[in-house]
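In my numbering, each number is its position in the sequence shown, counted from 1, plus 1. Structure first, then comments.
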Amino acid sequence: MIRRRSLTLLIIVLLIGVPAGYLLVSASQSRDSGRDKENKYSATGLSAGWPSKVQRRIYEVDIPPKSSFVAYYETNNWKASRLYTQFRTTHKGLTKFLHSLGKTRADLNDGVTIKKRDRDITRWSFDPAVHWTGLRHHQDDPRPSQDITIDRSDPQHPIVYVVSATTP
């Protein structure tokens, strides 16, 4: 009789204990994995290279051909999705880029137009000694709006910084 009760108790413990233990281990590993990914991607910042054509189309960032030092970073959450892009272009390339937004050089204002929050995410620092120009291109949802800042210290090869944000 004791032997039978012991066997029943062992079976019950195994039927409940093994899955419960597996569940605890699995949940712990999943939680750690999420933290690792969050740390990895939050520390990455800009990645060298061109954003995909789909990203450029969604965020309406038309990087001119033959641009150099192209880098980007994309963030997505339930409130907004953003594409941070920087590139060096030519005088003609800047005109083409602005034209793709329906803007001209006359629309540029002096100063930095990218918000501090966005500068902190990308680790962009805009030296006050540099001649910065920029503009804010607002569009109604769901189309993206862009904050653009341009380093004009080399007029023949300006560096363009773009934050394009859209609301899902």
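Heads up, the beta-carbon is just placed ideally off N, CA and C, and yes, glycines get one too.
Quickly, what does DSSP pair W133 with across the bridge? List them, please. To locate residue 133, count along the sequence shown from 1; it is residue 132. Note: W133 sits in a beta bridge opposite D152.
Exposed or buried, H138, counting other C-beta atoms within 10 Å across all chains shown (16 or more means buried)? Within the sequence shown, the letter at position 137 stands for residue 138. Buried: at least 16 other Cβ atoms inside 10 Å.
Does the region 104-117 come close enough to the region 63-79 that 3 or more CB-CB pairs lie under 8 Å? no
Nearest to L102 (by Cα), restricted to the options V163, Q157 and I122: In the sequence shown, counting from the first residue as 1, residue 102 sits at position 101. Residue V163 is the option with its Cα nearest to L102.
Which residue wins for smallest C-alpha separation from V131, given the options Q140, L95, R153 and P143? Here residue 131 is taken as the residue at index 130 of the sequence shown, counted from 1. Nearest option by C-alpha distance: R153.
Which ranges does the alpha helix (DSSP H) cover as unbroken runs of at least 4 residues, wholly within the region 20-94, from first to last along the chain? 54-60
For I12 and P20, I'd like the C-alpha separation in whole angstroms. Numbered from its first residue, the sequence shown carries residue 12 at position 11. Numbered from its first residue, the sequence shown carries residue 20 at position 19. When rounded, the distance between both Cα atoms is 13 Å.
H158 in three-state terms, based on DSSP: Position 157 of the sequence shown, counting from 1, holds the residue named residue 158. Coil, per DSSP.
Tell me the residue span of the alpha helix (DSSP H) that contains K117. In the sequence shown, residue 117 corresponds to position 116, counting from 1. It spans K117 to T123 - the alpha helix (DSSP H) in which K117 sits, taken as one unbroken run.
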